[in-house]
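For reference, the structure discussed in these notes is given below.
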Amino acid sequence: MKTRTALLGAAAAVAFAPAAMAERGSDGHVNIIYWQAPSIMSPYLSGGTKDIEAASMVIEPLGRYTETGEMVPFLAEEIPTVENGGVSEDLTSITWKLKPGLLWSDGTPVTSADVVFTAEYCMHPEGGCAQGAKFDGVETVEAIDDLTVTVTFTGPKPVPYGPFMGGQSPIIQAAQFADCLGANAPSCTEANFYPIGTGPFRVTDFKPNDVIEMEANPNYRDPAKPAFATVTFKGGGDAAAAGRAVLETGEFDYAWNLQLAPDVLQSMAAAGQGEAISAFGTLVERIEVNLTDPSSSLPEGERSTVAHPHPFLTDLNVRKALSMAIDRDLLVEIGYGQAGRATCNLVPNPALFASDNTDCLTQDLEGAKALLEEAGYVDTNGDGVREKDGVELSVLYQTSTNAVRQDFQALIKQWWEEIGVQTELRNIDASVFFGGDPGSPDTFQKFYADVEMYANNFDGTDPQAYLAAYRCGNEPKPATGWQGENINRYCDPEYDALLDELARTAVIEERAEIAIKLNEMLTKESYTIIPLVDRGRVSARSNTLGGVVLNTWDSELWNVADWYRIDG
Amino acid sequence: MLQYTVRRLVIAIPTLLLISLVIFLLLELAPGDPMAQMPLTIPPEVRQQMREALGLGDPTYIRFGKWLWQFFVVEPLHLLDIVFGTSFAEGQQRVISWQTRSPVMDIVAQRIPQTLWVVGVAYIVAILIALPIGIYSAYRQYSWFDQAGTFVTMVGFSVPPFFSGVLVIVIFSVTLGWFPSIYDTTHSVTDWDSFVYQLRQMFLPVMVLALQITSQLSRFMRSSMLDNLNQDYVRTARAKGLSERVVVLVHVLRNSLIPVVTVIALGVPSIFGGAIITEQVFKVNGIGQLLITAIYANDLPMVQTLVFIFAILIVLFNLIADVLYGILDPRIRYD
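Residue numbers (this note's numbering), protein chains in the order written: chain A, 724 to 1291; chain B, 84 to 418.
Right under this line is the structure:
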């Protein structure tokens, strides 16, 4: 790195002008470290965040989300809306217009045919496209002229920004991927590793699961950008080592997603080489309550199905008491520090969609005890566990294996036992827990436990699909191979009716109002979901790297074209 | 000897086939899912399509058969193509990694140099240090040198690399700033300066690895020397009036090296296997790191192929060790 440092110094000395006015490539080299190493440069073949974000430096969508969740055009002239006529009145089609004069990094023009091809690539039935959900409900994608594309949906789509919007859905070059459709997708190693893009950088060397070398794209649309001539995108190791490389040794300029204990991060930042930056998105660590009976005495195929309601968790008072007993602020302090905020919401962001629900934030052990007492749960046999009609309040609490989650389990167990709920803990390896193998009894979908804890979020800024997961009938069950997203087996006709209304509403304020109501039905009105922590993203940047705007709504590297070197 | 070698090689074939089946079935039975690391925002139907695109829809025996064909036929043909510029393997499906959708062997070939540089150098350094220490410790048994050596080797043997690795990073990278903490795999040696940089970036991982290997080898060397030092032939050599130097370095050392050479040969496959933890700590990203990330991602073709390559190497070097034994020790005859 010595020669690089020297190069950097030289570059910095030459380019003494303010960074914003710098020429392309004038700021030399930048080092980025992701402790999960990218495997492929295509979000369509891998859903992994590391791959999506690495690819976002090279291939771009028509529009992106900013750090506040607003939509901004990238390859498109403007974001189509009903007001500007880009979205049809009946909400069944959206028309995108490309900026004129865009070039791929190989010098050929970007046309609507590339956009049409991108849709064809991802919607191919044999391709196994990871972003298939983005193209859900798309009937046709047609080129109107060289720069205009119309996406037609099978029905009204109030939020038509699935395809071509955000880091998950960038435009790929038709010429390069022409032979890579469907079952051929994996055989196009060259195209998958060295995609031709429109972004600020292009790949010069790709070593899967190790390192990517990039250089400034000579055909990038802004002639003054990017400020950096070359990039090293290193992967591998662990979050602590990545943080150390930026904050303590200064070898790297940017480290992604530092899931570290708050005190560890603090002591690293004290070295003064850089700073930890954080931003909040939609990721919520929560406890999901099983409304069905997971008892092992039931025959296989009937456990945790709607045929058998849970003996006591179907009682609102019990769920509410479990929530009241938790001190969320303490959990944040222990587990996440600046990367977490206590929350009572399933949808904590964006601000417009967030309910002002804060009633769970204060722990109330006495209140929880009184509530259980009132509901008839009393400890008659003196074993410290409450019971009613001979049913003991005893829960099995499972989650994935992870240091912070086990800390949370231990604390929450202590609080629950204090209010007379016996708690048994269990943790399962993440690859099994989230693996979705229908043959395994340990997946979060099967939910062979009374409560379970994990985190989930939604893409983009609109929670419709996320909230629709809790539709009646969408629960994992034997008939669907235990696939399904309604983990709690929640069922409320009123909720489903509101969901339908949301799917028909286009005005954003009205949508927000409905979404807030749906969120409250799941949280403060029914405690089906017990939200704990709104988990932010913490990354680190070196003191000499400018222009970084941490964004949780899109790729973290969404504005890498604007990054520059701060002298000194 | 030749006959013995050929016989062993022939026996190795069914052994390896059996090993490959066992590995395949173990991976098959192990819980896990290649989609587990994908974000939960990807809906289940899409996950199912992705699994099918990976070939997970086929029954086990078909997938095993495909893998056998790809590994034993397509990959060697592909290698032939590269060497001789032919096109036997054109259009044939190679062993494809699920994570990267690219041929496993290409990635392995890319990773081998890193691993050989770091782990291989560590192995050589360790041998160079361990042998003299072992010899002198045995010759001066219970001297302060022996005691100190025993202490250091015990510490080196017991301290795990995830501790010693981070410790040397904190000392030499963070506090003193002498060596980089992250290995630059894109670095290529072109001149003196870049060679010096390569040495600097290798220093810490090699140190951590060599400490461990030295500890094991020097204990072996010491005990093997001790076994020989009390033998009758040593007394005879001394009685003949040979100098201590000749007695120890010629007579005793040569005889003591026989088991040590075997141990060294048996350890060679571990060089190719990489050092999972040390590679992770220093981001060397060699074979070890490749294996562990593949395991995390449930990338079965990658894990299967890597583990099987290790199996081949282990079988092969076992054979080499046995043959070496016969060559070095004339008392041992296989025929």
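Think of the CB as a built atom: it goes at the ideal place given N, C-alpha and C, for glycine as much as any other residue.
Taking the beta strand (DSSP E) that residue i belongs to, which residues open and close that run?
{"i": "serine 306 of chain B", "result": "No beta strand (DSSP E) holds serine 306 of chain B; the alpha helix (DSSP H) holding it covers 275-312."}
{"i": "lysine 1043 of chain A", "result": "Note, lysine 1043 of chain A: premise wrong, no beta strand (DSSP E); alpha helix (DSSP H) at 1039-1047."}
{"i": "threonine 921 of chain A", "result": "That residue, threonine 921 of chain A, is in no beta strand (DSSP E); it is neither H nor E in DSSP."}
{"i": "tyrosine 788 of chain A", "result": "786-788"}
Alpha helix (DSSP H) containing residue i: first to last residue?
{"i": "threonine 258 of chain B", "result": "Looking at the DSSP string, threonine 258 of chain B is not in any alpha helix (DSSP H), and its letter there is neither H nor E."}
{"i": "isoleucine 1151 of chain A", "result": "Taken as a continuous stretch (DSSP letters only), isoleucine 1151 of chain A belongs to no alpha helix (DSSP H), being part of the beta strand (DSSP E) at 1145-1151."}
{"i": "alanine 939 of chain A", "result": "Careful: alanine 939 of chain A lies outside any alpha helix (DSSP H), inside the beta strand (DSSP E) at 934-939."}
{"i": "threonine 818 of chain A", "result": "That residue, threonine 818 of chain A, is in no alpha helix (DSSP H); its beta strand (DSSP E) goes 816-820."}
{"i": "tryptophan 150 of chain B", "result": "143-152"}
{"i": "aspartate 837 of chain A", "result": "835-846"}
{"i": "lysine 1247 of chain A", "result": "Run containing lysine 1247 of chain A: none; DSSP gives neither H nor E here."}
{"i": "isoleucine 94 of chain B", "result": "85-112"}
{"i": "leucine 1053 of chain A", "result": "1051-1058"}
{"i": "alanine 136 of chain B", "result": "127-136"}
{"i": "glutamine 899 of chain A", "result": "897-900"}
{"i": "glycine 1090 of chain A", "result": "1088-1097"}
{"i": "alanine 777 of chain A", "result": "772-778"}
For residue i, I'd like the list of residues in its chain whose CB is within less than 8 Å of its CB, leaving aside the five on either flank, ordered along the chain.
{"i": "threonine 1037 of chain A", "result": "Leu1014"}
{"i": "cysteine 911 of chain A", "result": "Phe900, Asp902 and Cys903"}
{"i": "serine 301 of chain B", "result": "Ile212, Ala213, Leu214, Ile216, Gly217, Ser220, Gly232 and Thr236"}
{"i": "phenylalanine 916 of chain A", "result": "Ile763, Met764, Val926, Phe929 and Pro931"}
{"i": "glycine 710 of chain A", "result": "The structure shown does not extend to residue 710 of chain A, since chain A is modelled only from 724 to 1291, so the question has no answer here."}
{"i": "glycine 1158 of chain A", "result": "Thr1166"}
Give me, in chain order, the residues of the same chain whose beta-carbon lies closer than 6 Å to that of residue i; leave out the 5 immediate sequence neighbours on both sides.
{"i": "alanine 1062 of chain A", "result": "Ser1001, Gly1259 and Val1261"}
{"i": "isoleucine 354 of chain B", "result": "Val202, Gly203 and Tyr206"}
{"i": "methionine 385 of chain B", "result": "Ser180, Val187 and Ala377"}
{"i": "tyrosine 266 of chain B", "result": "Gln284, Phe365, Lys366 and Val367"}
{"i": "leucine 1075 of chain A", "result": "Ala1235"}
{"i": "isoleucine 919 of chain A", "result": "Trp827, Ser828, Asp829, Gln896 and Gln899"}
Determine whether the Cβ of residue i lies closer than 8 Å to any Cβ atom of chain D.
{"i": "glutamate 111 of chain B", "result": "In summary, chain D is missing from the structure at hand, where the protein chains are A and B."}
Less than 7 Å between C-beta atoms, sequence neighbours within five positions excluded: which residues of the same chain meet that for residue i?
{"i": "glutamine 982 of chain A", "result": "Ala962"}
{"i": "glycine 1099 of chain A", "result": "Lys1111"}
{"i": "glycine 356 of chain B", "result": "Ile370, Gly371 and Phe393"}
{"i": "glutamate 971 of chain A", "result": "Met991, Ala994 and Gln996"}
{"i": "glutamate 1023 of chain A", "result": "none"}
{"i": "phenylalanine 739 of chain A", "result": "Any reading at phenylalanine 739 of chain A needs caution, since the residue's pLDDT is 41, under 50, leaving its predicted position unreliable; the model's value is listed next. Cβ within range, chain order: n/a, list empty."}
In the DSSP output, which residue or residues are listed as bridge partners for residue i?
{"i": "glycine 1063 of chain A", "result": "A:Arg1258"}
{"i": "isoleucine 755 of chain A", "result": "A:Phe956 and A:Tyr977"}
{"i": "threonine 863 of chain A", "result": "A:Thr875"}
{"i": "glutamine 1121 of chain A", "result": "A:Arg1149 and A:Glu1175"}
{"i": "proline 1032 of chain A", "result": "A:Thr1015"}
{"i": "valine 795 of chain A", "result": "A:Arg787"}
{"i": "methionine 121 of chain B", "result": "Paired residue(s): none; methionine 121 of chain B is not in a bridge."}
{"i": "leucine 1268 of chain A", "result": "A:Arg1288"}
{"i": "alanine 1263 of chain A", "result": "A:Ala978 and A:Ala999"}
{"i": "leucine 826 of chain A", "result": "A:Pro832"}
{"i": "aspartate 868 of chain A", "result": "A:Thr871"}
Check: What residue ranges within the region 966-1028 of chain A form continuous alpha helix (DSSP H) runs of no fewer than 4 residues, ordered along the chain?
Finding: 985-992
Next item on the list: Return the residues of the region 1149-1162 of chain A that lie within a Cβ-Cβ distance of less than 7 Å from chain B, sorted by chain order.
Entry: Ala1153, Ser1154, Val1155, Phe1157, Gly1158, Gly1159 and Asp1160
Margin query: Which residues of the region 1172-1188 of chain A have a Cβ closer than 7 Å to any Cβ of chain B? Give them in chain order.
Written below: Asn1179, Asn1180, Phe1181 and Asp1182
Note to self: If the cut-off is 7 Å on Cβ atoms, which residues from the region 996-1017 of chain A count as contacting chain B, listed in chain order?
What the structure shows: none
Notebook entry, point to check: Which of the residues in the region 286-310 of chain B, read from start to end, lie with their CB under 7 Å from any CB of chain A?
Noted result: none
Notebook entry, point to check: Can you list, in chain order, the residues of the region 189-221 of chain B whose Cβ is nearer than 9 Å to any Cβ on chain A?
Noted result: Asp189, Ile190, Gln193, Arg194 and Gln197
Margin query: Tell me which residues of the region 118-133 of chain B have at least one Cβ-Cβ distance to chain A shorter than 8 Å, keeping chain order.
Written below: Met118, Ala119, Gln120, Met121, Pro122, Leu123, Thr124, Ile125, Pro126, Pro127, Glu128, Val129, Arg130, Gln131, Gln132 and Met133
Margin query: Extract the residue ranges of the alpha helix (DSSP H) inside the region 165-252 of chain B, only unbroken runs of 4 or more that lie entirely within it.
Written below: 187-198, 204-222, 227-241 and 244-251
Margin query: What are the residues in the region 924-943 of chain A lying within 8 Å of chain B by C-beta distance?
Written below: Asp928, Lys930, Pro931, Asn932, Asp933, Val934 and Glu936
Next item on the list: Check distances from the C-beta atoms of the region 857-876 of chain A to those of chain B and list, in chain order, the residues that come in under 7 Å.
Entry: none
Next item on the list: Quick one: which unbroken alpha helix (DSSP H) runs of 4-plus residues sit fully inside the region 1139-1227 of chain A? Chain order, please.
Entry: 1153-1156, 1187-1191 and 1216-1227
Checklist line | the region 746-758 of chain A: positions lying closer than 7 Å to chain B by Cβ | finding: none
Margin query: Please give the ranges of any beta strand (DSSP E) in the region 315-393 of chain B, keeping only runs that are unbroken, at least 3 residues long and fully inside the region.
Written below: none
Margin query: By the 7 Å beta-carbon criterion, what residues does the region 94-111 of chain B contribute toward chain A?
Written below: none
Note to self: Along the region 149-168 of chain B, where does the CB come closer than 8 Å to a CB of chain A? Name the residues.
What the structure shows: none
Margin query: Against chain A, which members of the region 259-281 of chain B pass a CB distance test of less than 8 Å?
Written below: Gly260, Pro263, Ser264, Ile265, Asp267, Thr268, Thr269, Asp276, Ser277 and Tyr280
Checklist line | Near-chain B residues of the region 1205-1219 of chain A - C-beta to any C-beta below 8 Å | finding: Gln1206, Gly1207 and Glu1208
Check: Given a limit of 8 Å on CB to CB distance, which residues of the region 1247-1276 of chain A reach chain B?
Finding: none
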